[in-house]
Amino acid sequence: MPVPYEKQILIIDDSPESIELVSCILKRSDFTIRIAKNANSALKLIQFQIPHIILLDVNMPEMNGFDFCRLLKNNVQYKKIPIIFLTASDEEESIRKAFALGAQDYVTKPFKPAELIARVNTHLKLTQRTEELENAYKNLDSFCYSVAHDLKSPLLSIRRLIDFLLQDYDEIFTADGKELAAKIQEKTTEVTEIIDHLLELSHAGSKKIHISKIDTRQYFTDMYKNLCVLEPSRKVCFQVENLPCIYADPVLFKLLCQNILSNALKYTRKKDCAVIEINCRLTENYFVFSIKDNGIGFDMRYVNRLFHVFERLHSEREFEGSGVGLAICQRILQRQGGKAWLTGAPGKGASFFFSLPRREMPMMEKDC
Ligand SMILES: Nc1ncnc2c1ncn2[C@@H]1O[C@H](COP(=O)(O)OP(=O)(O)O)[C@@H](O)[C@H]1O
Ligand SMILES: [Mg+2]
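The sequence shown runs -7 to 360 under the working numbering.
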């Protein structure tokens, strides 16, 4: 099916022959073509109107295609524009680098018209499908938010009503009756906590992202101190290496630290001396953090389930919880271009890993 003609393609290339050739091929398919001969003119055009797809040359004066790609992929406003590299040859290193920077595809010169058109169409369709899926997801999310939100107030009323019941009819209730009422209170508190976690999950997915500089060592240390206050008698050896300052959303990063550390503290509770170690290593494009504990661990056969809502490997009797924390972490990271994973073994502790892109400059304060 042809893609509607209003799709805008931006070709960025310093070679007039190459521009001429690509434009000729694409004009036949009714795309609207815009042309930039270098990265700076391209940026001006993008700021004026965001194209649906970019065809990008590798070698250009001033800023080359790789640096330009990195710049766009680090910017929330522009990172979703699909980029197809125009490479002089199928040189493996260039292609590897282009994909590592987040490019969607490449075509090699001399261009085959049918291939170029097919690749452009494929990526336009993929972007459209992704947008549709994201919208459907947002709708589902706001539906879940409303349901959770609406359930919370009747639950709070039930708790208050039971309080009144116990106060006003104290003499009438037998010990069994009081115990039953206390059990109902306990269960409503549990459900309220689950609802609070679901609201946090929804918040992690819909909150506007504001990027600023974060001293990650400080965030982890402060959160650890806050959580330790709740269990003052525990003996924990908390080791934080020299963690970096990064650019991320502070509110979401705090929620991330809270979920990771509360798991590490919870699942080491049975240890006489718990050890929690936090490290960070750098890869070409990412910070990779690890939070290692020496707690109860888990069976790796079930690891893929753990990031789903309500999935738990340990019973409520052994360790309290709602099974939403890891889903919150994954959502926080995905929204900022990172991801989370977990390793562990029964009785040998667990390590939570997460990656976040290395940003050299703050992204604009934009909704992601
Ligand atoms: N540090 C850890 N050690 C062992 N198991 C863990 C750890 N972190 C998470 N898990 C497992 O993953 C499950 C999901 O974690 P989470 O979503 O935070 O939910 P919750 O902590 O409320 O159970 C936990 O129930 C537990 O089985
Ligand atoms: Mg948890």
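Don't be surprised by glycine CBs; every beta carbon is placed ideally from N, CA and C.
Since the structure is predicted, the reported quantities are computational estimates derived from the model, not experimental observations.
- Given K205 as reference, the closest of L190, V183, C237 and V221 once Cα atoms are compared: If we check each option's Cα against that of K205, C237 comes out closest.
- Query: Mapping DSSP to helix, strand and coil, what is Y98?
  - Reply: It is a strand residue.
- For S15, which residues from the same chain have a beta carbon less than 6 angstroms from its beta carbon, with the 5 sequence-adjacent residues on both sides left out? Excluding positions up to five away in sequence, the list reads I25.
- Message: Do Y259 and F299 have their beta-carbon atoms positioned less than 8 angstroms apart in this structure?
- Response: In this structure, the beta-carbon distance from F299 to Y259 does not fall below 8 angstroms.
- Does the beta-carbon of P(-4) have 16 or more other beta-carbons within 10 angstroms, so that it is buried, or is it exposed? Confidence is the limiting factor: at P(-4) the pLDDT is only 47, short of 50, which leaves the residue's position unreliable and the question unanswerable from this model.
- Message: Is L244 a contact residue of ligand 1, with contact defined as CB to any heavy atom under 7 angstroms?
- Response: Flag unset: Cβ of L244 not near ligand 1.
- Message: By alpha-carbon positions, which one of I45, I75, H44 and Q69 ends up nearest to D59?
- Response: Measuring from the Cα of D59, the nearest candidate turns out to be I75.
- Message: Quick check: what's the CA-CA separation for V301 versus S194?
- Response: Approximately 12 angstroms between the Cα atoms of the pair.
- Message: Can you give me the C-alpha to C-alpha distance between I4 and A332, rounded to a whole angstrom?
- Response: Roughly 35 angstroms separates the two Cα atoms.
- Task: From the DSSP output, read off the bridge partner residues of V228.
- Result: According to DSSP, which records beta bridges pairwise, V228 is partnered with A266.
- Message: Measuring only the C-alpha atoms, how far is I1 from L257?
- Response: If you draw a straight line from the Cα of I1 to the Cα of L257, it comes to about 51 angstroms.
- Message: Tell me the residue span of the beta strand (DSSP E) that contains V280.
- Response: Boundaries of the beta strand (DSSP E) around V280: Y278 to D285.
- Can you tell me whether DSSP reads T335 as helix, strand or coil? Residue state, collapsed to three classes: strand.
- Message: Assuming the contact rule is C-beta atoms closer than 8 angstroms, N286 and K262 should be a hit. Round their C-beta distance to whole Å, please.
- Response: About 11 angstroms separates the two Cβ atoms, so there is no contact after all.
- Message: Does the beta-carbon of I270, which I'm using as the reference point, lie nearer than 7 angstroms to any heavy atom of ligand 1?
- Response: Exclusion of I270 from the 7 angstroms shell around ligand 1 follows from its C-beta lying no nearer than that to any non-hydrogen atom of the ligand.
- Task: Closer than 7 angstroms by C-beta to I324: which residues in its own chain qualify, once you throw out the five before and the five after it? Chain order, please.
- Result: Excluding positions up to five away in sequence, the list reads A196, L244, L247 and L248.
- Message: I believe S282 touches S347 by the beta-carbon criterion, under 8 angstroms. Please report the beta-carbon distance rounded to the nearest angstrom.
- Response: Not really, about 10 angstroms apart at Cβ, beyond 8 angstroms.
- Query: Can we say the region 95 to 103 touches the region 143 to 159, given the rule of at least three CB pairs closer than 8 angstroms?
  - Reply: Flag = no, the region 95 to 103 and the region 143 to 159 do not touch.
- Message: Please classify D13 as buried or exposed, where buried requires at least 16 other C-beta atoms within 10 Å of its C-beta.
- Response: Looking at the sequence shown, residue 13 is not Asp but Leu. L13 should be labelled buried.
- Alpha carbon of I17 to alpha carbon of N51, nearest angstrom: Linking I17 to N51 through their CA atoms gives a straight-line distance of about 21 angstroms.
- Message: For L64 and I73, which I take to be in contact (beta-carbon distance under 8 angstroms), what is that distance rounded to the nearest angstrom?
- Response: So it is a contact: roughly 6 angstroms between Cβ atoms.
- Does DSSP put A256 in a helix, in a strand, or in coil? Three-state DSSP puts A256 in a helix.
- Return the Cβ separation of G315 and R304 in integer angstroms, given the expectation that the two are a contact with Cβ distance under 8 angstroms. At roughly 4 angstroms, the Cβ-Cβ gap stays under 8 angstroms, so G315 and R304 are in contact.
- Considering only C-alpha positions, which residue in the set R209, N66 and R350 is nearest to T275? Of R209, N66 and R350, the residue nearest in Cα terms is R350.
- Does the beta-carbon distance from N30 to P53 come in below 8 angstroms? Yes, Cβ-Cβ distance for N30 and P53 is below 8 angstroms.
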